[in-house]
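Here the protein sequences line up with chains A and B, keeping their order. The working numbering puts the first sequence at residues -17 to 264. The working numbering puts the second sequence at residues 127 to 387.
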Amino acid sequence: MNCISLKNVSYKYPYTEEFALQELNYAFETGKCYGIIGANGSGKTTFCNLLRGMIPHFFEGDLTGDVLIEGKDVRNWDSNLLSTKIGYIFQNPFTQISGIKDTVFEEIALGLENLGVEKEELIDRVIEVVKLLKLEQLIKKNPNNLSGGQKQRVAFASIIAMNNDILVIDEPTSQLDPESTAEIFAIINLLKEQGKTIFLVEHKVDLIAEYSDEVIVLKDGRITLSGSTLDVLSNIELLQMGVMLPQAAMLSYDMQKADEAFDTIAITKSQVIEQIKQRVGV
Amino acid sequence: MDYAFIDSFRKAQVQNNWFLDLNPLSKLNIILILAIIPIVAKSWIVSVAVILFYFILATASSRIKQFSKVYIRLGLLIGSLLFIMRAMFIPGEDVLMKFGFLTITQEGVDHGIQFATLVVAICGALVFYSVATQAKDLMLALEKKGVSPTATYVILSSLQSIIDLGSMSKLIMESQKARGIETEGKAINRIKAFFPILGPLFLGAISNSEEKAIAMDARAFYAPAKNTHLRELRPVPLSEKIILLIVNLAFIGFIVWRVVG
Chain A
-17 MNCISLKNVS
-7 YKYPYTEEFA
3 LQELNYAFET
13 GKCYGIIGAN
23 GSGKTTFCNL
33 LRGMIPHFFE
43 GDLTGDVLIE
53 GKDVRNWDSN
63 LLSTKIGYIF
73 QNPFTQISGI
83 KDTVFEEIAL
93 GLENLGVEKE
103 ELIDRVIEVV
113 KLLKLEQLIK
123 KNPNNLSGGQ
133 KQRVAFASII
143 AMNNDILVID
153 EPTSQLDPES
163 TAEIFAIINL
173 LKEQGKTIFL
183 VEHKVDLIAE
193 YSDEVIVLKD
203 GRITLSGSTL
213 DVLSNIELLQ
223 MGVMLPQAAM
233 LSYDMQKADE
243 AFDTIAITKS
253 QVIEQIKQRV
263 GV
Chain B
127 MDYAFIDSFR
137 KAQVQNNWFL
147 DLNPLSKLNI
157 ILILAIIPIV
167 AKSWIVSVAV
177 ILFYFILATA
187 SSRIKQFSKV
197 YIRLGLLIGS
207 LLFIMRAMFI
217 PGEDVLMKFG
227 FLTITQEGVD
237 HGIQFATLVV
247 AICGALVFYS
257 VATQAKDLML
267 ALEKKGVSPT
277 ATYVILSSLQ
287 SIIDLGSMSK
297 LIMESQKARG
307 IETEGKAINR
317 IKAFFPILGP
327 LFLGAISNSE
337 EKAIAMDARA
347 FYAPAKNTHL
357 RELRPVPLSE
367 KIILLIVNLA
377 FIGFIVWRVV
387 G
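If you want it as structure tokens, here you go:
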């Protein structure tokens, strides 16, 4: 079943001449994780705003074509209802903190308060998310005084707590160290296992290779490449689109150059290990 | 995990102090009356009495340290400034002193004392209320009375914006300093360094407000559901209602006495 479909979608921001997104066609299936990659300025964040319904409800501009969310045109959706359907974690953690709550615990609870969740259930859900994101040490701290990385984890927790069916996640680890990044991706994996549909913008292609079911490559607001993660991330043409290949794929291509090619181009560490094992006969 | 902290949300948040635990709107009612009394009384003695009453109330509500710290400074600054201005410029017949073109008269001094104590007494209400009530509790009380969450959010986030603008200006000043621009020393240097940052500071704040609006939308701020609240205010006990009734009746009596008298 498709949760979001795009049919000939193009979009221009108000007072601009150039299209930020052009002729997009895609059908996104429920329960899949979609990796969205592209060079800086390729339209990834605008794409996220489109999927979340911020376009045309918040950013008016010029939208043509059809964006269908659960079969209904985005223009006909009540924008207030969309926030209960689609969770959105965006890249700047500094403006994602509400600024009106004194503790991280209350900050995470804010979305649930707005959804009218009863207090006992609300507290239980916040505790669950705090444990999941290992925020135990932060719950009494003022969210306005946290570091960028901590704010990013709190913002992530705040949206996860709302338990939306669809999640649009725009660079969730831009401020995080490798350990916290791994933790966030473990949670994304968990959400995927729970059947959530995830749209994930991320520059770290190795992580996209590990966790995405399908990948969409954007360039100048157009989808230039799309399909299964293996097909897209093993495609050498990615380099011409300003996107790095995963390290495993780079290694596979280097092996090809050295006339030691593996049977297939690997995109994850585990695939490479498997290929090496086969090669050496372990 | 600090479960004692989490459990504190399961019941009404009380501070075990008779005044602090009053409903924020009851406190506002009492404080407003205290602020209006000196205006109606038009007597510096009443103003001073109200000022002293704030100190008694602050002591009784264990807020004397926070209250004194702000109020004494503010009171001395505003009070002395207003007194000097009035004393020097209000004309009168009973001349006490002359300094060149300035003539200090008994009428000016009387007027200065009257006006300065009145303004300081009114400021006291504001300062005392701010140390005795958390803004979020006041907003919660207002929401319970039917004020829209959007209105309370605007007030609370405006208060936070003041803090954010302060830290942002500090950050920009530090960046300027790192670029070799003189930001310290003489007043003229400070002014020269400060004014150019106002543009980027406010433009940045405007740009952030757009993202903040999206962030709040992502938190279902406009969702068509009746909000619940993690924090809980103590239900207003009967004793508090009776105290409030007595205070309000006494105030009405005072007004009537002043008007009729």
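Ideal placement from N, C-alpha and C gives every residue a C-beta, glycine not left out.
Same chain only: Cβ atoms within 8 angstroms of residue i, ignoring 5 sequence neighbours per side
i, result
"L222(B)", "I230, T231, Q232, V235"
"M237(A)", "A243, F244"
"F181(B)", "I190, F193, S194"
"E11(A)", "M(-17), N(-16), C(-15), T179"
"A138(B)", "E358, L359, R360, P361"
"A21(A)", "K201, M223, G224, V225"
"I177(B)", "G201, T243, V246, A247, G250"
Simplified DSSP assignment, three categories, for residue i
i, result
"L227(A)", "coil"
"K133(A)", "helix"
"N(-10)(A)", "strand"
"F209(B)", "helix"
"N146(A)", "coil"
"Y279(B)", "helix"
"M342(B)", "helix"
"A167(B)", "helix"
"S210(A)", "strand"
"Y(-5)(A)", "coil"
"L200(B)", "helix"
"N155(B)", "helix"
"M127(B)", "coil"
"N62(A)", "helix"
8 angstroms Cβ cutoff, residue i in contact with chain E
i, result
"E95(A)", "Checking the listed chains, one finds no chain E in this structure; the protein chains it contains are A and B."
Buried versus exposed, by CB contacts within 10 Å (16 or more), residue i
i, result
"R345(B)", "buried"
"A313(B)", "exposed"
"P322(B)", "exposed"
"W170(B)", "buried"
"Q260(A)", "exposed"
"A388(B)", "With chain B covering only 127 through 387, there is no way to say anything about residue 388(B)."
"F225(B)", "exposed"
"M127(B)", "exposed"
"S129(A)", "exposed"
"N374(B)", "exposed"
"G201(B)", "buried"
"K116(A)", "exposed"
"L324(B)", "exposed"
"S335(B)", "exposed"
"D343(B)", "buried"
When the options are compared against residue i, the one with the closest alpha-carbon
i, options, result
"N58(A)", "M226(A), Q229(A), P38(A), R107(A)", "P38(A)"
"A277(B)", "Y348(B), R189(B), V362(B), A138(B)", "Y348(B)"
"I340(B)", "S65(A), V56(A), L200(A), D55(A)", "S65(A)"
"L160(B)", "A213(B), N149(B), D147(B), A175(B)", "A175(B)"
"L173(A)", "L(-12)(A), C15(A), N7(A), R34(A)", "C15(A)"
"K67(A)", "G263(A), L97(A), A91(A), E165(A)", "L97(A)"
"D48(A)", "V150(A), I79(A), G17(A), A9(A)", "A9(A)"
"N155(B)", "V386(B), A167(B), I369(B)", "I369(B)"
"A231(A)", "D55(A), G224(A), K251(A)", "K251(A)"
"Y129(B)", "K122(A), P154(A), E(-1)(A)", "K122(A)"
"V385(B)", "L282(B), A167(B), F131(B)", "A167(B)"
7 angstroms CB neighbourhood of residue i in its chain, flanking five on each side removed
i, result
"I204(B)", "V245, V246, C249"
"L148(B)", "E366"
"V214(A)", "V197, V199, L207, S208"
"Y(-5)(A)", "A2, F41, G43"
"A268(A)", "Residue coverage of chain A in this structure runs from -17 to 264, which leaves residue 268(A) outside it and unanswerable."
"N217(A)", "L207"
"L212(A)", "I249"
"G330(B)", "M294"
"D188(A)", "P228, Q229"
Which residues DSSP lists as bridging residue i, in chain order
i, result
"E366(B)", "Note: E366(B) sits in no beta bridge, so no partner."
"L92(A)", "Looking at the DSSP assignment, L92(A) forms no beta bridge with any residue, so it has no partner."
"G69(A)", "L149(A)"
"F193(B)", "DSSP, once it has assigned bridges, lists no residue as partnering F193(B)."
"M36(A)", "Beta-bridge pairing links M36(A) to no other residue."
"T46(A)", "S(-8)(A)"
"C15(A)", "I180(A)"
"R204(A)", "K201(A)"
Same chain, Cβ closer than 6 angstroms to residue i, five either side skipped, listed in chain order
i, result
"F209(B)", "G238, A242"
"G177(A)", "G13"
"L356(B)", "F135"
"Q4(A)", "S(-8), G203, R204"
"T72(A)", "Reading the sequence as shown, one finds Phe at residue 72(A) and not Thr. The answer, listed in chain order, is D152."
"I142(A)", "V111"
The ligand GTP heavy atom lying under 7 angstroms from the CB of residue i
i, result
"G272(B)", "Only the bare structure without any ligand can be found here, which leaves the ligand GTP out of the picture."
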